[in-house]
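Colleague: Okay, so the sequence shown: first residue is 1 according to UniProt numbering, each after it adds one.
Would you mind keeping the following structure in view while I ask a few things?
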Amino acid sequence: MKTYEVYKNIRKSAVIMGLPIAMFALMMTLVIVSLLVIIFSFSFFIVVGAIVLNITVYISLIQLVKNPALLHFKKVFPRTISNKKVTGLNYENDCVIEILSK
């Protein structure tokens, strides 16, 4: 008899319209807000602006999903961990400058 493994982390890989659930929720929140703005201040330029804004946010979120390193600015953990005070003084360079100036 064939056995199947239970996959408990299905929410981590769930995708709606090419976006993970958190980004899809962000996109739908933006769509609802833009619809409210269109309803309460009806203007042709606001309608066009809301459509353009929603399309650009969707495209940028898709690009972010394809390349998640775009928001990765620095490493989480440092290379070394030290208790030394971090100062802007560099004693080796100061000594060399004093020797060269004499």
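All C-beta atoms in this analysis are idealised placements derived from N, C-alpha and C, irrespective of residue type, glycine included.
Does any C-beta atom of chain D lie closer than 9 angstroms to the C-beta of I62?
Modeller: Structure shown: chain D not included; a single protein chain is present.
Colleague: Please state the DSSP three-state secondary structure of I81.
Modeller: The count along the sequence shown starts at 1 and reaches residue 81 at position 81. DSSP places I81 in coil when its eight states are reduced to three.
Colleague: How many angstroms separate the CA atom of V37 from the CA atom of L26?
Modeller: Here residue 37 refers to the residue found at position 37 of the sequence shown. Here residue 26 refers to the residue found at position 26 of the sequence shown. Cα to Cα, V37 sits roughly 17 angstroms from L26.
Colleague: Taking 8 angstroms as the threshold, find out whether the stretch 62–70 comes into contact with the stretch 43–52 through three or more Cβ pairs.
Modeller: Result no; under three Cβ-Cβ pairs closer than 8 angstroms.
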